[in-house]
Each structure stands twice: as structure tokens, then as C-alpha cells.
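Asker: Residue numbers (the working numbering): 61 to 752.
Okay, here's the structure, questions in a sec.
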């Protein structure tokens, strides 16, 4: 699979660029409106998005964004450090990084693609003496510092203001003034409630500062440090300094459910107060930084807080999300993959690594697709991927588009691309420019953005107070597993279900939501809801069906089907599934595993549509890839090899059909025979255009 560069000719038969505005922001700034995202003119919008940025100049950025727009992308996340960490001044930006940012903003906007800015992640930098933070953990990542450390906050604000108020030479206006710049993310993947919160990671100076802030909080809550200690049953910490007005902080392990449950009452009271202090500090920081971005930097778009996790999501996830609600939208990250081990396996694929293949269609509760949503906020997944190495990736795009739509997720950002060309080697964990991902964008993006699937009704609604969260009540609802490289012991939703009473399969029936009473934007009279799902979830048959009836997940056979008027598809182990009769089409395949999707291009139901797309994909690997007994012997190189598809599609209304095979860029290649409404798919093509 090695198409040449796309010339973007008008003769393309598959081109979704027309779904976007001529220039992103022509209708004004995107806005959060209740649970939804809307365009400047009030039109509801879903974002089929990518983490993608070129580092090779304006022309390369244009090519990347043009390719993405052509396949249905309407938002990109520009995810990278802008601060200059090589020079002597910790307050300035990297000129090179800023120039690249401007290139990508302009290129995206001109393709009708909105921009999500993510410019700070602790793993991108290490503390230096000239940062001016006394007794900091020099040489370590600045985990947690943005949330409380005054000097580091000064640095962050300098970077932020320089990015947002600087003139983009391609547009002649500041970044903040450009309505194409739709999102500002305060920070990527950091939290007081994660394992990284330790004295060793922060350094003695910042730790003393934080202990001082905890003492101030405890005095405000209890009246004095002595009264706080008394309220904690006399529980003491080695870092307590009552004369110096500092109170020690316990490590995250103490906040996990199992450890907390076994602690003495006094220790439990102290831990509960510590968690509340952490959360209130985070929420206050997000509130303050969001105000800075708006008032001092002039940004009019949507602000998100972070997108991370906690040391124990059963205990703390609801609290973490409460802190995010200080901003406009809630964000999370999600990855899926099999076992993968070896040096640098968290972010690369290398010779000598060990791995195992894993198919999402066999384990819905083990996927990251379930999203517990806060009522009153739009929800994004700003990073998601099916990790490499794993031959079972064909189901990913259809699952994302289908269950994201069912649950009402407002933006899905796949990860990641740095150039417009197809991937050229096998060393990446998350290569977006591959047939399994970008190659399957057209049908997935169209189905998701156009609203081909009916949003699911509320299957479960939980109503809690803020105090409930801080009493560790109501966090038993847990989302699907996230196979992120920083998470080694994340509990699986299926395992948590055994002791929480919550069935993770509920996410595949409809919307699961949480109401936090008193939260701005929350309905004041919301009531708990638990829909009868006995007909939707059949554990004996290993089948879960959406309440809309359009999605059916048979995890016993490893098969998911989509059956809506404008989009019908099957993904998973197709050969053993036999004949699949959907509303307007019947799919047959002798390929062991893959995806076949039939979608209307003109917006009419498939039964009467004049233009339709059949999109089919099986498996991929780089040329020369070699492994034995789960150990990689060669990661391979270009070109990409795609396993041939063996499948046919029969249309119930087969009168007057013609079919044309398209190449990897959507141009006509050859006619395809139609016999009695049946189209046998070309073995070596992703796309077949069908006209009636």
C-alpha cells in the first residue's frame, strides 16, 4: 500500500473537504452550550479530529492539513512544547516552535480545520537551576508545580501570554484573535491525585510550599493547625511543622480505596481532608488560569483543564472530574492495546520487544470507549489510539465513531501524525497515517459528524453532591480501561464491576452521566435514573445492544454491527460471522478479521441513495515486519502491506447500480462489476464508490 503524493485534483470521487467551512471560524468561535459544542452561528457540531502537526515548514503543514480535511477532519490538536528550554531565560518561547505553531494554525484554518492548543506537559521539560525555584527537584519533570508553585506559574503565564498575544505572520492577527483557534488546554496529563505527587518528585522547596498551603487550608477549615490535628484523631506526619505552619502530605498510596479502608479513623479523616485540599486547590488554579487566559490574553474560545487520571479511579475519579468543571469542557485520554514490553515500549516499537495481539471486539469492558459524562459540559477525548504492535486494529475507527456518537461525545482526537505522507517505518506506537486509521477516516468521520447514528438515551444517571464525592461516595462508576504508557496497574472496568455493582456494559447501551448538584450549568432538579437494561445486555449470549437498536456488540463471536438508515457496517471476525443481513445491505466475508462499512455519501438513506461508499479494511504491517513467538525480530519499513480483503456487499435495492474502485486518495481506478445487486470487493482497495 504505497499511493503517491496526493495532487488534490478536482477529479477525486471521495473528498470530504466540503464538510468544513471555507476557513475555520467563518461562523465565529466554537462555544460550549450545555452538553454540546456549537459553532459561532449556533449550529451543533461534532469534531472528528487528529493530533497532527508538521515541523517542516508552511508547505508541509498545508499538505498535512489538506490530506486530513479531505478525509473528514475538522479539528486538530497541536500538541507540543513552545517554551524555550535551551536558552538562559525560562520565560521565553522557542522561536522555532512558535513559527511551527503559526504554520500549522494557518494551514489548518485554511482547510476549515479548527485548532486545539496543547502547549504544556510536564514530561516535555525538566527543571533547571535558572528557573529560580528554590530547592526544586533539578533535572526532574515539574509534576504538580503548575497547580501551586508561584514561580512556575509565572513561567507558565509568560509562555501562555506570548503564544496567545503574538502575531501570526500568516494571518496578521494574534493567535487569541483567530476564531479558528478553538481550544486552549491548560495542561496535559498532570494531577495532584496521581502517583507522581511525592516529595522526591517535587523537591524539598516546592514540597514545603505545598505543606504550607495545606496548613493554611486546614486552619481555614478547622480554626488552627492544632484543631486540625485534633480533628484527625491526633494523626501526625513526619513533615508536620506546627510552629512553621506546615502540615505534611501523605503519598498517593494512602488515598487508594484499599489502603484508606484499612486506616484508623484519624488517618482516614486526615486523608479525606488532604484529598479535598488537593481538589479545591486544583479547581481554584484552573479557575484562576482560565481567567488569565481570557482576561490577560484575550482568548475567546473553549478552555479545558486537563485530561488525566488518578491513583485510584474508584475512589478519586469523580473528584478529578469535578476539578475540570471549573472550565468549559471535560477532556480525557484513552488508549487500547495488547501486552507490549521492552525498553521504551511506552512510546516506541523496537526489535526485541515482546507483545501480544488483542482484539477490542472480544472485550468491550476492556476498551476505553465508555465515558462517564458530567451533565452541563461538552466532552472530548483529546487523545485516543489503538496501540501498535497489534494486528487487530481494523475495528478501531468504526468503534470510535459509533460509540462516541451513541454516548454523545463531542470531539474525538486520534493520535498522532507529524507529516502528511503515509507512515514510513514500523517504530511508532500510534501511527495515524496508516490505512487502519486515516485510511478509514472517510466513512467514520462522515458517520460521526453527520449524526448518522441516533444519540443514545440516558441509561444511567447518578446524582451526587460535592460532599458526597469528598466522602468517597459515588465514584463506583468507572470508565473503560486506558492502556496509556504511564499506567501500569489501572483497574479494568470489568474487575471493578465485581465490587461496585456497576455493569461496565451499560456504556454500550446509551449515555452514562453524573450530575453534581450545584455545579454551574447543572439542572437544579435532576433525578437519578437507572433504565431497565435486561433486554439490552444479555450476558449469557455475550451480546449488548444499544437502546437505539442501531448498534449490536457480540463479544462472544467478536463482532460489532452498525445498522442505521445511512450507515451500515460490520467489524471484527467476519468469516465466522457468516452472512450479515442489515437494513439495506448484506455483507459476506471470508476474511478472518476486518471491517466493511457502507455509507451514504449524498445524505439519503442507503435504500435510495444515489452515491454511496463501501470502505473495507483488514490488517496491516510494514514490509519486512517479522516476529516469532511474540518477540519482534524486525519492525519493517515502507511500503505498508495490507492483507487483501475477501468480501462482497449485496444491496437490497440493487437496481441501476454501478461501482468504481478508488485508490488511496479517492481517485477512480477501475470499474467494478455489479451482478444482481452484489458487488465483490476488489481485494486490494480500501474504497469502492457505488452510484445508483
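Built from N, CA and C at the ideal position, the CB exists for glycine as well.
So what's residue 689 in DSSP terms, helix, strand or just coil?
Answerer: Translated into positions along the chain shown, residue 689 becomes position 629. If DSSP states are grouped into helix, strand and coil, residue 689 belongs with coil.
Asker: Would you list, in sequence order, the uninterrupted alpha helix (DSSP H) runs of no fewer than 4 residues that lie entirely inside the segment 120–178?
Answerer: Runs found: 155–170.
Asker: Taking the alpha carbon of residue 601 as the reference point, which residue from 615, 607, 489 and 193 has its own alpha carbon closest?
Answerer: Against the chain shown, residue 601 aligns to sequence position 541. The candidate whose alpha carbon is nearest that of residue 601 is 615.
Asker: Going residue by residue through the segment 550–612, where are the continuous beta strand (DSSP E) segments of at least 3 residues, counting only ones entirely within it?
Answerer: Counting only runs of 3 or more, we get 571–576 and 603–605.
Asker: CB-CB under 6 Å to residue 448, same chain, minus the five flanking residues each way: which ones, in chain order?
Answerer: Here residue 448 is taken as the residue at index 388 of the chain shown, counted from 1. 409 and 489, listed in sequence order.
Asker: Would you please state the rounded distance, in angstroms, between the beta carbons of residue 244 and residue 142? I believe it to be under 8 Å.
Answerer: Numbered from 1 along the chain shown, position 184 holds the residue referred to as residue 244. Numbered from 1 along the chain shown, position 82 holds the residue referred to as residue 142. Not quite, the Cβ-Cβ distance comes to about 12 Å (not below 8 Å), so this is no contact.
Asker: Could you tell me which uninterrupted alpha helix (DSSP H) segments, each at least 4 residues in length, are contained entirely in the segment 181–229, listed from first to last along the chain?
Answerer: If we require 4 residues or more, the alpha helix (DSSP H) runs fully inside the segment 181–229 come out as 210–225.
Asker: Please report the residue range of the beta strand (DSSP E) in which residue 395 lies.
Answerer: The residue labelled residue 395 in the question sits at position 335 within the chain shown. 390–396 is the span of the beta strand (DSSP E), which, as asked, contains residue 395.
Asker: May I ask you to report which of helix, strand or coil DSSP gives residue 677?
Answerer: By 1-based counting over the chain shown, the position of residue 677 is 617. Three-state DSSP puts residue 677 in a strand.
Asker: Let me see if you follow: with CB-CB separation under 8 Å, is residue 522 close to chain C or not?
Answerer: Among the protein chains of the structure shown there is no chain C, as only one such chain exists.
Asker: Pop quiz: residue 711 and residue 737 are said to be a contact at Cβ under 8 Å. What is the actual Cβ separation, rounded to whole angstroms?
Answerer: In the chain shown, residue 711 corresponds to position 651, counting from 1. In the chain shown, residue 737 corresponds to position 677, counting from 1. Right, the Cβ-Cβ distance comes to about 5 Å (below 8 Å), so this counts as a contact.
Asker: Report yes or no: do three or more beta-carbon pairs, one from the segment 147–164 and one from the segment 204–223, lie closer than 8 Å?
Answerer: With a cut-off of 8 Å, the segment 204–223 and the segment 147–164 count as touching, because enough Cβ pairs lie within range.
Asker: So the candidates are 667, 388 and 165; which of them puts its Cα closest to the Cα of residue 227?
Answerer: Residue numbering aside, residue 227 sits at position 167 when the chain shown is read from its first letter. Comparing Cα-Cα distances from residue 227 to each of 667, 388 and 165, the minimum goes to 165.
Asker: With 16 other CB atoms within 10 Å as the buried threshold, where does residue 549 fall?
Answerer: Your numbering for residue 549 matches position 489 in the chain shown. Because residue 549 carries a pLDDT of 46, less than 50, the predicted location of this residue cannot be relied on, and no value is offered for it.
Asker: For residue 247, does the three-state DSSP call read helix, strand or coil?
Answerer: Residue 247 sits at position 187 when you count from the first residue of the chain shown. Three-state DSSP puts residue 247 in coil, outside helix and strand.
Asker: Assign residue 287 to one of two classes, buried (16 or more other C-beta atoms within 10 Å of its C-beta) or exposed (fewer than that).
Answerer: Numbered from its first residue, the chain shown carries residue 287 at position 227. Classification of residue 287: exposed, given that the 10 Å Cβ count is below 16.
Asker: Is it buried or exposed for residue 177, if we count other Cβ within 10 angstroms and need 16 for buried?
Answerer: Translated into the one-based positions of the chain shown, residue 177 becomes position 117. Under this definition residue 177 is a buried residue.
Asker: Figure out for me which residue from 192, 152 and 483 has the closest Cα to the Cα of residue 3.
Answerer: Any property of residue 3 remains undetermined from this structure, which presents the chain solely from 61 to 752.
Asker: How big is the Cα-Cα spacing for residue 494 and residue 514?
Answerer: The residue labelled residue 494 in the question sits at position 434 within the chain shown. The residue labelled residue 514 in the question sits at position 454 within the chain shown. The alpha-carbon atoms of residue 494 and residue 514 are separated by roughly 29 Å.
Asker: Take residue 608 and list the residues in its own chain whose beta-carbon comes closer than 6 Å to its own, dropping the five residues that flank it on each side.
Answerer: Against the chain shown, residue 608 aligns to sequence position 548. Taken in chain order, the residues that qualify are 514 and 516.
Asker: Do residue 131 and residue 502 have their C-beta atoms closer together than 8 Å?
Answerer: Translated into positions along the chain shown, residue 131 becomes position 71. Translated into positions along the chain shown, residue 502 becomes position 442. Yes, these two residues count as a Cβ contact at 8 Å.
Asker: Report the rounded CA-to-CA distance for residue 14 versus residue 230, giving the unit in angstroms.
Answerer: The structure shown does not extend to residue 14, since the chain spans only 61 to 752, so no value can be given for it.
Asker: Return helix, strand or coil for residue 108, following the three-state DSSP convention.
Answerer: What you label residue 108 is simply residue 48 of the chain shown in a count that begins at 1. It is a strand residue.
Asker: Tell me, please, whether the segment 414–425 touches the segment 617–630 by the rule of three or more beta-carbon pairs shorter than 8 Å.
Answerer: Yes, the segment 414–425 is in contact with the segment 617–630.
Asker: Compare the beta carbon distance of residue 678 and residue 705 with 8 Å and say whether it is the shorter of the two.
Answerer: Position 618 of the chain shown, counting from 1, holds the residue named residue 678. Position 645 of the chain shown, counting from 1, holds the residue named residue 705. Yes.
Asker: For the alpha helix (DSSP H) that contains residue 337, what are its first and last residues?
Answerer: Translated into the one-based positions of the chain shown, residue 337 becomes position 277. Run containing residue 337: 325–351, per the alpha helix (DSSP H) assignment.
Asker: Could you check which residue in 583, 174 and 498 has the C-alpha nearest to that of residue 99?
Answerer: Along the chain shown, one-based indexing puts residue 99 at 39. Among 583, 174 and 498, the Cα nearest to that of residue 99 is on 174.
Asker: Per the DSSP calculation, residue 718 is bridged to which residue(s)?
Answerer: Walking along the chain shown from the start, residue 718 turns up at place 658. Residue 718 pairs with 751.
Asker: With distances taken from CA atoms, which of 528, 327, 319 and 172 is nearest residue 133?
Answerer: Start at 1 with the first residue of the chain shown, and residue 133 comes out as number 73. Residue 133 has its Cα closest to that of 172, out of 528, 327, 319 and 172.
Asker: Under 7 Å Cβ to Cβ from residue 744, same chain only, skipping five residues before and after it: list those, please.
Answerer: Walking along the chain shown from the start, residue 744 turns up at place 684. Correct list, in chain order: 704.
Asker: Take every Cβ of the segment 266–282, pair it with every Cβ of the segment 390–401, and state whether three or more of those distances are shorter than 8 Å.
Answerer: Judged by Cβ distances under 8 Å, the segment 266–282 makes no contact with the segment 390–401, as fewer than three pairs qualify.
Asker: Please report the straight-line C-alpha distance between residue 85 and residue 266, rounded to a whole angstrom.
Answerer: For this step, residue 85 is matched to residue 25 along the chain shown. For this step, residue 266 is matched to residue 206 along the chain shown. Cα-Cα distance, rounded: 41 Å.
Asker: Quick check: the Cα distance between residue 655 and residue 632, rounded to an integer number of angstroms?
Answerer: Translated into the one-based positions of the chain shown, residue 655 becomes position 595. Translated into the one-based positions of the chain shown, residue 632 becomes position 572. So the two alpha carbons sit approximately 6 Å from each other.
Asker: Give me, in chain order, the residues of the same chain whose beta-carbon lies closer than 6 Å to that of residue 257; leave out the 5 immediate sequence neighbours on both sides.
Answerer: As a first step, residue 257 must be located in the chain shown, where it is residue number 197. 204 and 312, listed in sequence order.
Asker: By Cβ distance, which residues of its chain are closer than 7 Å to residue 556, with the 5 residues on each side in sequence left out?
Answerer: Here the question's residue 556 lines up with position 496 in the chain shown. Here the model assigns residue 556 a pLDDT of 45, short of 50, so the residue's position is not dependable, and the following value carries that caveat. If we look at residue 556 and ignore the five residues flanking it on each side, its Cβ neighbours are 374 and 538.
Asker: Give me whichever residues DSSP pairs with residue 508 in a beta bridge.
Answerer: Position 448 of the chain shown holds residue 508. DSSP, once it has assigned bridges, lists no residue as partnering residue 508.
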